[in-house]
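Engineer: Just so you know, our numbering puts 108 at position 108 of the first sequence, and the rest follows in order with no gaps. The beta carbon of each residue, even a glycine, is placed where N, CA and C say it ideally should be. In this text the structure is predicted, and so the values were computed from the model without any measurement.
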Amino acid sequence: MSDSRPVVTRIAPSPTGSMHIGTARTALFNYLYAKHTGGRFLLRVEDTDRERSTEAAVQVIFDGLTWLGLPFDGEPVFQFARADRHREAVLQMLEAGKAYRCWLAGEELTAAREKAHAAGHALRSPWRDRDPRPADLGKPHAIRFRGPLNGDTVVEDLVQGQVTFRNRDLDDLVLLRSDGAPTYNLAVVVDDHDMAVTHVIRGDDHLNNAARQTLIYKAMGWDLPHFAHVPLIHGPDGAKLSKRHGAQAVAEFADLGYLPEAMRNYLARLGWSHGDDELFSDADAIAWFDIADANKGASRLDWDKLGFVNAHYIRLADDARLADLVAAVFAARGEPLDEARKAHALRAIPLVKERAKTIVELADQLAFLYRARPLTLDEKTRDLLSGETRARLTRLRGQLAATNDWSAEALEALLKAFAESEGVGFGKFAPALRGILTGGTASPDLGRTLSALGREESLARLDDALSPVA
RNA sequence: GCGCCCUUCGUCUAUCGGUUAGGACCCCAGAUUUUCAAUCUGGUAAGAGGGGUUCGACUCCCCUAGGGCGUACCA
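Spelled out as structure tokens, the structure:
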């Protein structure tokens with residue numbers, strides 16, 4: 001372990017076609033730790049599974065990191081392209097006696113493994129101590145790691161603490177498959193070493209691998225990186241997060257209307273904390289983050305809290321940006337907003353932005369702006385339009401038509417004065433007015449609703465509902 | 001089966017041997033009130049169980065239970 005080298009962290013996802021939210025948090029932790037220490041945050045694409053590693057699947061990773069606002073330093077490393085280098089390392093171990101050629105396969109392999117387990121230790125191939133004959137060398141074979149039979153391997157983990165494994169439980173893992181392809185545990189070690197990674201921060205499903213990888217580092221005579229295994233994210237029910245929990249991939253959270261800065265804040269707070277701080281800026285997170293403060297236990301995704309955090313960031317967000325996002329929601333629904341409508345949304349956003357937990361909700365709350373006239377009124381509103389209320393709203397319509405100040409404040413004042421002059425509470429006309437203006441029963445304060453709708457449209461909607469034929 | 005890890009309010013967490021176990025989300029009540037929210041005030045709610053160690057354990061050790069991960073020529 002070296003402590004003087006500048007910190008280098010990395011995120012090493014496989015291109016599977018989507019980016020899991022757990023991967024996103026691991027990326028965030030790596031990013032925060034690198035920034036906190038003034039180090040570098042790298043990306044390595046583990047694309048050795050040729051079936052799944054399509055260009056599109058790789059693009060998903062880039063898009064996910066970009067959307068989350070976690071830019072990596074330098075050029076991405078593609079693991080598959082480094083296969084020759086991996087093989088070179090294996091040959092080096094072979095020559096040094098740290099690895100051996102193995103022709104064990106098929107049922108023979110299975111039987112040997114079962115026998116080893118029955119004897120209370122991990123698999124050791126008979127080829128470990130056998131000299132291959134020249135005739136064997138021509139036949140396809142794997143190359144296995146020659147693991148120590150006795151003793152312990154200790155992983156010093158920044159999160160989990162000191163974890164001890166008995167070497168007898170660690171099998172002679174395959175380094176190079178019989179088709180010449182390097183295996184995961186080998187490639188990871190070689191790549192992390194070559195990339196000068198100082199801190200391996202990853203999911204705790206790899207804690208067991210850390211022991212195997214430690215052995216490889218030692219066999220190669222390389223410095224060990226610091227390990228930090230962070231727990232996985234579970235669904236609200238405590239089970240492994242999956243599709244049925246609502247969302248799993250970063251792109252899905254984006255589609256549901258969550259802001260990247262909200263995701264960063266929420267995800268950072270999931271499994272890590274800085275005292276009682278709940279809502280904090282990226283700069284705060286970078287200043288405060290230490291991987292040693294990460295928790296050991298798995299945590300569950302809580303939609304309510306995510307919504308709370310997201311609402312906070314929506315309130316802070318720039319209106320023009322929100323208008324773009326809202327327009328994207330409408331476009332995704334097949335109802336793209338033209339320039340005029342988008343401008344309308346931009347004007348109305350300040351009136352509703354403090355009410356929405358997601359961008360999708362924000363779009364829903366703006367939808368009344370675009371309803372086509374004449375609005376079809378719900379039954380409740382129609383019932384409310386009895387003679388008395390109709391007459392009262394007609395008088396209100398007259399006052400609205402006479403005013404020029406269409407600001408929310410002025411309209412609110414006008415409504416208050418009107419209620420007073422009528423000698424009634426809002427309850428006598430507000431529900432009906434809301435129904436007429438929005439076609440629904442929930443909307444912002446009426447002053448705001450009128451203001452957002454605009455003078456012309458408001459009066460027209462009133463006329464639609466109040467005209468004798470309606 | 002074997003190995004490793006984890007376990008404080010419903011959820012996310014604070015605590016790093018001595019606290020009335022704190023905060024946030026959710027929930028409930030009140031305030032506000034033209035709906036729904038938002039906002040403000042207040043409230044309910046926790047150390048998985050059992051043994052130790054100690055003057056004193058949420059905190060240290062052991063056992064049990066529950067959960068997770070691994071145990072591949074997958075990554």
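If we count the other Cβ atoms within 10 Å of its Cβ and call it buried at 16 or more, is Pro486 buried or exposed?
Structural biologist: The chain is shown from 1 up to 470; residue 486 falls before or after that span and cannot be answered.
Engineer: Just confirm the distance between the C-beta atoms of Val77 and Met195, as a whole number of angstroms; I'd bet it's less than 8 Å.
Structural biologist: Indeed, because the Cβ distance is near 6 Å, the residues count as touching under 8 Å.
Engineer: Leu32 and Phe289 - do their beta-carbons sit closer together than 8 Å?
Structural biologist: Contact: yes.
Engineer: Give me the Cα-Cα distance between Ser178 and Ala116, rounded to the nearest whole angstrom.
Structural biologist: About 22 Å.
Engineer: Among the candidates Lys416, Ala89, Ile233, Glu108, whose CA atom is the shortest distance from the CA of Leu186?
Structural biologist: Per the Cα distances, Ala89.
Engineer: By DSSP, does Gln248 sit in helix, in strand, or in coil?
Structural biologist: If DSSP states are grouped into helix, strand and coil, Gln248 belongs with coil.
Engineer: For Leu279, which residues in the same chain have their Cβ closer than 6 Å to its Cβ, ignoring the five residues on either side in sequence?
Structural biologist: The answer, listed in chain order, is His312.
Engineer: Buried or exposed for Lys380, going by 16 or more other Cβ atoms inside 10 Å?
Structural biologist: Exposed is the call here.
Engineer: Can you tell which of Arg82, Arg146, Thr110 has its C-alpha closest to the C-alpha of Met93?
Structural biologist: It is Arg146 whose Cα lies nearest to the Cα of Met93.
Engineer: Just to confirm my understanding: we take Gly64, look at its own chain, exclude 5 residues before and 5 after, and list those with CB closer than 6 Å. What are they?
Structural biologist: Within the same chain, Gly64 has close Cβ partners Met19, Val250.
Engineer: Looking at the structure shown, is Glu409 part of a helix, part of a strand, or coil, going by DSSP?
Structural biologist: Here Glu409 sits in helix by DSSP.
Engineer: Cα-Cα, which of Lys296, Lys240, Asp302, Gly238 is closest to Leu267?
Structural biologist: Closest by alpha carbon: Asp302.
Engineer: Quick check on the burial criterion: 16 or more other C-beta atoms within 10 angstroms. Buried or exposed for Leu366?
Structural biologist: Buried, by the Cβ-count rule.
Engineer: Flag this pair as touching only if the region 407 to 427 and the region 444 to 451 have three or more C-beta atom pairs under 8 Å; answer yes or no.
Structural biologist: Result yes; three or more Cβ-Cβ pairs closer than 8 Å.
Engineer: Does the region 130 to 141 touch the region 204 to 218, meaning 3 or more C-beta pairs lie closer than 8 Å?
Structural biologist: Segments in contact, no.
Engineer: DSSP on Tyr217, reduced to helix/strand/coil?
Structural biologist: It is helical.
Engineer: Is it buried or exposed for Gly257, if we count other Cβ within 10 angstroms and need 16 for buried?
Structural biologist: Buried.
Engineer: Should the region 149 to 168 be regarded as contacting the region 55 to 62, the criterion being three or more beta carbon pairs within less than 8 Å?
Structural biologist: No, they do not touch.
Engineer: Give me whichever residues DSSP pairs with Ser299 in a beta bridge.
Structural biologist: Answer is Ile233, bridged to Ser299.
Engineer: Answer yes or no: do Lys428 and Arg392 have a C-beta to C-beta separation smaller than 8 Å?
Structural biologist: Against a cut-off of 8 Å, the Cβ pair of Arg392 and Lys428 comes out as a contact.
Engineer: Identify, in the order they occur along the chain, each residue of the same chain with its Cβ nearer than 6 Å to the Cβ of Pro374, setting aside the five sequence neighbours on each side.
Structural biologist: So the list reads Asp464, once near-sequence residues are dropped.
Engineer: For Gln162, report the span of its beta strand (DSSP E) as first-last.
Structural biologist: Taken as a continuous stretch (DSSP letters only), the beta strand (DSSP E) holding Gln162 covers 161 to 166.
Engineer: For the 8 Å Cβ check, are there 3 or more pairs between the region 94 to 112 and the region 66 to 86?
Structural biologist: Contact fails: fewer than three Cβ-Cβ distances are below 8 Å.
Engineer: Under the three-state reduction of DSSP, which class applies to Glu156: helix, strand or coil?
Structural biologist: In the structure shown, Glu156 sits in a strand (DSSP, three-state: E or B).
Engineer: So, do the region 337 to 352 and the region 376 to 390 have three or more beta carbon pairs nearer to each other than 8 Å?
Structural biologist: Too few Cβ pairs lie closer than 8 Å, so no.
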